[in-house]
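Numbering (the working numbering), first residue to last: 1016 to 1494.
This report concerns only the one structure given below.
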Amino acid sequence: MKYQPVIGLEVHVQLLTNTKIFCGCSTKFGAEPNSQTCPVCLGLPGALPVLNKKVVEFAIKAGLSTNCSITPRSIFARKNYFYPDLPKGYQISQFEDPICQWGWLDIKVEGQELKRIGITRIHMEEDAGKLVHGDSEMNDGSGVDLNRACTPLLEVVSEPDLRTSDEAVIYLKQLHQIVTWLGICDGNMEEGSFRCDANVSVMPVGSDKLGTRAEIKNVNSFKFVKQAIEYEIQRQIELIEDGGTVVQETRLFDPNSGKTRSMRSKEEAHDYRYFPDPDLVPLVISDEWIERTRQELPELPEQRQQRFMAELGLPLYDAEVLTASRALADYFEAGVAAHDNAKAVANWVMGEITRALNDSGAAIEICPVSPTQLGGLLKLIDSGTISGKIAKTVFDEMWKSGKAAHIIVEEQGLVQVSDSSAIESIIDGIMAANTGQVEEYRGGKEKVFGFFVGQVMKVSKGKANPSVVNELLLNKLKG
Ligand code: ADP
Ligand code: MG
Ligand code: ZN
């Protein structure tokens, strides 16, 4: 029998607000344990939550950017469970009437048509605290750090529309790109700012009844999401083939073994006893607020790609690479503003700039060569002042020194030589010194041509204009 895998993702997005969702405490990472707490996030009796408006704004932005409807009147609910990092004994979340519903993302799977993945809901909730084990100051005991308690999260729940691990990763990457682009999440997966629960089931091909799903909790890299889903699909198929049945359960992925293992079964699952939080009034969002937020949205990656193609004539590949992040797209556009040759700027940003950033481990936001400086370099190439080859040397020097291209070219005397008499005299010298090769060429061995080009470049220290060199060499060698 053949099996059809089905996947639905639940993604937690930690929001980049300065303060927590229901109190004014700072959300800054890495502070002294419990130094960023107050009666509200400590869960002290009688303390009342007050909703952070910024969180609502961020949720609306996320919803509008994923084609969701914004719920005019949404409700906060208490999700009840006991854990030492949750002093209130419940998490404030949304259950019925979440802030965003019925959205979608069109994912781009290479070589296929766009595929629409439904987004069931996006809701707001608070994070829990964190247990700290074996801290030396605590004599190897365990402690609770409540700095993270009450940190704002969005949970984005997809429909079970994904069919392969690749589709799941593409969906996840597009969602990641949108929330970082909007500036509502730093997207750091290692630190857990963007984490994913993957629900996986299999059913016989052609069936319209979904199989029983297992949920793999908190997978924190794109690579692990792919591995975890693939392992889980295989596990379920083998189980069914062996006459077993998949049970609904929560599983954990172990990156070391590449396997998932059971964490708790449905029988042990929590009954959260959701009910509307009586401490928080329903959240009413006016059309006017939604419209205002819509106006404030930046041009999204997809729209920007389209514009790069339509207005600047870039190929799809370039447009996609250059919109990998908003900062990269901004850099590119600033480069085009400085030098009006979009394709040349694109090539350099995707080539030398990306290479140099990778080598140095720096981010585009702190690129040592500014877009204006890059534009200055490209001007020198396009005007024929320096060759493309010399430009790479100049670029490396710009990267190190921060100097402008024309200054480096001037200081180091790198101006391209296009003057034919100067190049001719170099060629004459080389031909005189290599009569053997001249004979070979004239005897029909055309490959020797490259040798002569190399020699001219060497003698001119790379400064000779290649097209002038080619033309003159051809003439002279023919004799
Ligand atoms: P829960 O909180 O119980 O995990 P949610 O409704 O929040 O429930 O999320 C369920 C997730 O599981 C959704 O992303 C949904 O698309 C996915 N899902 C539901 N049924 C299946 C299934 N049979 N196979 C795979 N994924 C599924
Ligand atoms: Mg779930
Ligand atoms: Zn607080």
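Beta carbons are placed, not taken as given, at the ideal position from N, Cα and C, and that holds for glycine.
To the nearest angstrom, how far is the alpha carbon of residue 1221 from that of residue 1102?
Between the alpha carbons of residue 1221 and residue 1102 lies a distance of about 48 Å.
Three or more C-beta pairs closer than 8 Å, one from the stretch 1383-1400 and one from the stretch 1343-1350: is that the case here?
Yes, since at least three Cβ pairs between the stretch 1383-1400 and the stretch 1343-1350 fall closer than 8 Å, the two stretches touch.
Helix, strand or coil for residue 1089? Go by DSSP, reduced to three states.
The DSSP-derived three-state label of residue 1089 is strand.
The ligand COA and residue 1220: does any heavy atom of the ligand fall closer than 7 Å to the residue's C-beta?
The ligand COA is not among the ligands present in this structure, which contains only the ligand ADP, the ligand MG and the ligand ZN.
What span of residues does the alpha helix (DSSP H) with residue 1185 cover, start to end?
Note, residue 1185: alpha helix (DSSP H), 1180-1196.
Checking 8 Å against the spacing of the C-beta atoms, do residue 1231 and residue 1266 come in under that value?
Going by C-beta atoms, residue 1231 is nearer than 8 Å to residue 1266.
Put residue 1114 into one of helix, strand or coil per three-state DSSP.
In this structure, residue 1114 counts as coil in the three-state DSSP scheme.
Endpoints, the beta strand (DSSP E) within which residue 1264 is located:
Per DSSP, the unbroken beta strand (DSSP E) holding residue 1264 starts and ends at 1264-1269.
Taking only heavy atoms of the ligand ZN into account, decide whether any of them is closer than 7 Å to the Cβ of residue 1052.
Yes.
Proximity of residue 1215 and residue 1190 at Cβ, strictly below 8 Å
Going by C-beta atoms, residue 1215 is not nearer than 8 Å to residue 1190.
Please state if the CB of residue 1442 and the CB of residue 1424 are separated by a distance shorter than 8 Å.
Contact flag unset, no.
What I want to know is whether the C-beta of residue 1038 ends up closer than 7 Å to one or more non-hydrogen atoms of the ligand ZN.
Answer for residue 1038: yes, Cβ within range of the ligand ZN.
Could you tell me whether any non-hydrogen atom of the ligand ADP is closer than 7 Å to the CB of residue 1225?
For residue 1225, the shortest separation between its Cβ and any heavy atom of the ligand ADP lies below 7 Å.
What I want to know is whether the C-beta of residue 1065 ends up closer than 7 Å to one or more non-hydrogen atoms of the ligand ZN.
False, no ligand heavy atom lies under 7 Å from that Cβ.
Say yes only if the C-beta of residue 1023 is nearer than 7 Å to one or more non-hydrogen atoms of the ligand ADP, and no if none qualify.
True, at least one ligand heavy atom lies under 7 Å from that Cβ.
Quick one, which of 1071, 1179, 1160 and 1086 has its alpha-carbon nearest residue 1098's?
When C-alpha distances from residue 1098 are compared across 1071, 1179, 1160 and 1086, the shortest belongs to 1160.
Between the C-alpha atoms of residue 1315 and residue 1489, what's the straight-line distance to the nearest angstrom?
Cα to Cα, the separation comes out at about 52 Å.
I think residue 1418 touches residue 1412, with their Cβ atoms under 8 Å apart; what is that distance to the nearest whole Å?
About 7 Å; that satisfies the 8 Å criterion.
In three-state DSSP terms, what is residue 1364?
Three-state DSSP puts residue 1364 in a helix.
Return the CA-CA distance between residue 1356 and residue 1368, expressed in angstroms with no decimal places.
Roughly 16 Å between the two C-alpha positions.
Check the C-beta distance from residue 1233 over to residue 1051 and give it rounded, since I have them as a contact under 8 Å.
Going by Cβ atoms, the distance from residue 1233 to residue 1051 rounds to 23 Å, so no, they are not a contact pair.
Measure the Cβ-Cβ separation of residue 1305 and residue 1165 and say whether it is below 8 Å.
Not closer than 8 Å, so no.
In terms of alpha-carbon separation, which member of 1493, 1049, 1138 and 1039 lies closest to residue 1028?
Taking only the C-alpha atoms, the option nearest residue 1028 is 1138.
Can you tell me which residues form a DSSP beta bridge with residue 1094?
Note: residue 1094 sits in a beta bridge opposite 1106.
Mind pulling the alpha helix (DSSP H) runs of 4 or more residues that sit fully within the stretch 1420-1484?
As summarised for the stretch 1420-1484, the continuous alpha helix (DSSP H) elements at least 4 residues long and confined to that stretch are 1420-1427, 1435-1448, 1450-1457 and 1463-1474, given in chain order.
Ignoring anything shorter than 4 residues, give me the alpha helix (DSSP H) runs that lie fully in the stretch 1189-1264, in order along the chain.
If only complete runs of 4 or more residues are kept, the stretch 1189-1264 shows the alpha helix (DSSP H) at 1237-1256, in order along the chain.
Apart from the five residues just before and just after residue 1204, which ones in its own chain have a Cβ nearer than 6 Å to its Cβ?
The residues 1235 and 1236, in chain order, have a CB closer than 6 Å to that of residue 1204 in the same chain once the five nearest residues on each side in sequence are set aside.
May I ask whether a heavy atom of the ligand ZN can be found less than 7 Å away from the beta carbon of residue 1069?
False, no ligand heavy atom lies under 7 Å from that Cβ.
Exposure label - residue 1078; buried when at least 16 CB within 10 Å:
The Cβ neighbour count for residue 1078, taken over all protein chains shown within 10 Å, is at least 16; the residue is labelled buried.
Could you check the C-alpha separation between residue 1312 and residue 1200 for me, to the nearest Å?
Cα-Cα distance, rounded: 15 Å.
Alpha-carbon to alpha-carbon, residue 1040 and residue 1030:
The alpha-carbon atoms of residue 1030 and residue 1040 are separated by roughly 14 Å.
Own chain, CB closer than 8 Å to residue 1399, minus 5 neighbours either side, in chain order
The residues are 1431, 1433 and 1480.
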